[in-house]
Each structure stands twice: as structure tokens, then as C-alpha cells.
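Trainee:
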Amino acid sequence: MRIEGLKVYFSTPKGDVRAVDDVDLKVEKGEIVGLVGESGSGKSTLALAVMRLIYPPGRIVGGKVLFEGTDVLSIPINEYVRRFRWKKIAMVFQASMNSFSPTFKIKDQFFETLKVHGYEGDYWERTKELLSMVNLDPSIAEKYPHELSGGQKQRAFIALAIAMKPKLLIADEPTTALDVVTQIQILRLFKRLRDEEGISVLFITHDIALLSMIADRIYVMYAGKVAEGGTVEDVIKTPAHPYTAALISSIPTLDKTSVKGIPGSLPSLINPPKGCRFEPRCPVKLPVCSEKEPEMFGVGDEHYAACWRLAPDRV
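In short: position in the sequence shown from 1, add 420, done, that's the numbering used here.
1. Do the segment 633-648 and the segment 431-451 touch if we need at least three Cβ pairs shorter than 8 Å?
2. Residues in its own chain within less than 7 Å of F504 by CB, not counting five upstream and five downstream?
3. Determine, using beta carbons only, whether G483 and K427 come nearer to each other than 9 Å.
4. G462 to T595, Cα distance in whole Å?
5. By the 10 Å Cβ neighbour count, where 16 or more other Cβ atoms means buried, how is D557 classified, buried or exposed?
6. Report the partner residues of H723 according to the DSSP bridge assignment.
7. What's the gap between the Cα of L667 and the Cα of R479?
8. Give, in chain order, every unbroken run of the beta strand (DSSP E) that is at least 3 residues long and sits entirely within the segment 585-666.
9. Could you have a look at I582 and say whether DSSP puts it in helix, strand or coil?
10. Beta carbon of T658, beta carbon of H723: below 9 Å?
11. Which value, in whole angstroms, describes the spacing of the CA atoms of L686 and D542?
12. Assuming L468 and Y639 make a contact with CB atoms under 8 Å, what is their CB distance in whole Å?
13. Give the C-beta separation of D627 and V652 to the nearest angstrom, bearing in mind that I take them to be a contact with Cβ-Cβ under 8 Å.
14. I'd like to know whether the C-beta atoms of V485 and I582 end up nearer to each other than 9 Å.
15. Mind the definition here: the segment 507-516 touches the segment 574-594 only if three or more C-beta pairs lie below 8 Å; say whether that holds.
16. Determine the DSSP secondary structure at S669, reduced to helix, strand or coil.
17. State yes or no: is the C-beta of I590 within less than 9 Å of the C-beta of L622?
18. Excluding five sequence neighbours on each side, which residues of the same chain lie with their C-beta closer than 7 Å to the C-beta of S552?
19. Going by Cα to Cα distance, which pick from L613, L630, M584 and M716 is closest to F661?
20. Using 9 Å as the threshold, is the C-beta distance between T533 and L580 below it?
21. Is DSSP giving G450 helix, strand or coil here?
22. Is the Cβ-Cβ distance between L588 and I619 less than 9 Å?
So this is what it looks like as C-alpha cells:
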């Protein structure tokens, strides 16, 4: 999948909220790509745009989402649902483990999903296969959601999301509200789905430390824009954007007595700063940062960041 110049705005009485503003991003076949940023940075909105789930007052203002050569934003919604949604592009939503109906057994909810999406095989066999794929005993299919732990429900929903064998799975905060041990199990599950089933993953989180354990490449979003992108090694070990560096420095570690937070808060997305959107909070800003929006500057192979400090000849 390749996203080019995606813009998603939300209308309000005070003006448009530029939730996603000219974002480029790609997920190659067999990759796990991380998308990280604070709450309100536009991560989930980007995912919903890919799924064609943006509704008024939201609207997709511009850009393309290319999947297997098709711009999925330009085709009729009925065609998108028939050809792509769940069949080729699936999503694990935030708090998805709470999405199961409490009044039906797990198997009934799997059967209904398979029926709605036109699965032609045996529903029971496919349900058992899916549960086994996520390291769950097929016997849990006979249980109600309240009889499962949080980790079991999360894995069951991931199984449900891949029921139609998608090529891309978007996972939005899939480890939130889970204990650390269960988080590791979920991360290993995504890696196994990539390695054994060939499913590419766009992994959305606010926790950059998690991505160091699972991602091949990382995009850092801030205030509706991509601030930095590159391999996980480049972005984590040698961050080029001050925001990325601040995110990493805020991670608690065993050898730290305290963590360093990021002062201030996200800017208004109705009236964002004229220049760099991180400028009001940046500890190393230059005069140009408040006047002109930075472009993406290359730092190395497949590593780039939107920061004027990377282009001193232009300042």
C-alpha cells in the first residue's frame, strides 16, 4: 500500500480541523510498519481513511491510497467494500476486544462474519483454523466473551479480522489495556502472521518502545503530519527530528531515575503554526522554523525528517 498526499479534514463552526494533512506513507509486502505519535496526531484518522470509514463532519480532501495499483479512494464505495474491505485490507480497531456481543458465543460471531463476507467453505472448520492461528484453543469458540481474558478476546478479534485472508492488516493500538506479558504475546502474534501467513501490518501506537520490538520501518506523526520516517534502527538509534528524540527520551528505562516529558501540548489543527508544527514545543528551534513549513530532508538511505536543522544551507 502506498499513501500519497492524504488529507482528511473535519468541519467545525470555527473552521476545518486538519487531522491528516498531506501525509505520504508506504507498507511493502511482508513488512510490519509502525505509525507512532501522541494522541490527536492523526494516526487513527489515517487508518479510518484507508478503510473508507470517514463520515461527516469528516471528509477526505485529497490524496491517494494505492493498493495493488488501484486508488481505493477513487472507486465507488460499494466497489471498495466488495473488493477490498476485509478481503484485502482489514483492521483491528481500538478497544476491539470489547467489540464482541456479550449475548452470543464466539463461534456465532465468527459464523456471522464469514456469512456476511461470502466465505464459501465450512464455517466451523474455518473458525477452528483461525483460532489456532492466534494460539487459542478452538474450544473457546463455545464460550461467551465474558468468559475470556482480555488477551484472549484481543487474539480472537485479530483472528476475526483475518478471516477473509487479507493482505494488509491495520492494527490500531492493539496492545492498549493489556498487561506486559500479554502485550509481548500479541507482538509475537503479529510477527508470526507476517512470517507464516504473508500478511503485511500497519501497527499504530503511541508507544515507540513497542515498535522497536516489532517494526521494520517507522513513521512518526505529529499534528497531522509525518515528522520522520525510516528503518526502526535509524529512527530509534539516531532520531533526526526533535519530536522523535523527545518521544524516545520520555521512555522509562531501568537505569533512569526520572523521565523527561515533552513540554506544552499539540497545536490547534484549525489554525496550526505557520511554520513547523512542532516549533512551539521544540527545544532546538531556529528562526526559520516559525516562518516556513519544512520539507522532508534525507538523512540517509530510507531515512528522512521534516526539520530545518537538516538543511542549514537553506536557513
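C-beta atoms are modelled at their ideal positions from N, C-alpha and C, and glycine is treated no differently.
Mentor: Put simply:
1. yes
2. F487 and V492
3. yes
4. 18 Å
5. exposed
6. G720
7. 30 Å
8. 588-592, 620-625, 637-642 and 645-651
9. coil
10. yes
11. 50 Å
12. That belief does not hold up - the Cβ atoms of L468 and Y639 are roughly 16 Å apart, past 8 Å.
13. With 8 Å as the limit, D627 and V652 do not qualify as a contact, their Cβ atoms being about 13 Å apart.
14. no
15. yes
16. helix
17. yes
18. P558
19. At residue 661 the sequence reads His, which differs from the Phe that was named. Measuring from the Cα of H661, the nearest candidate turns out to be M716.
20. yes
21. coil
22. yes
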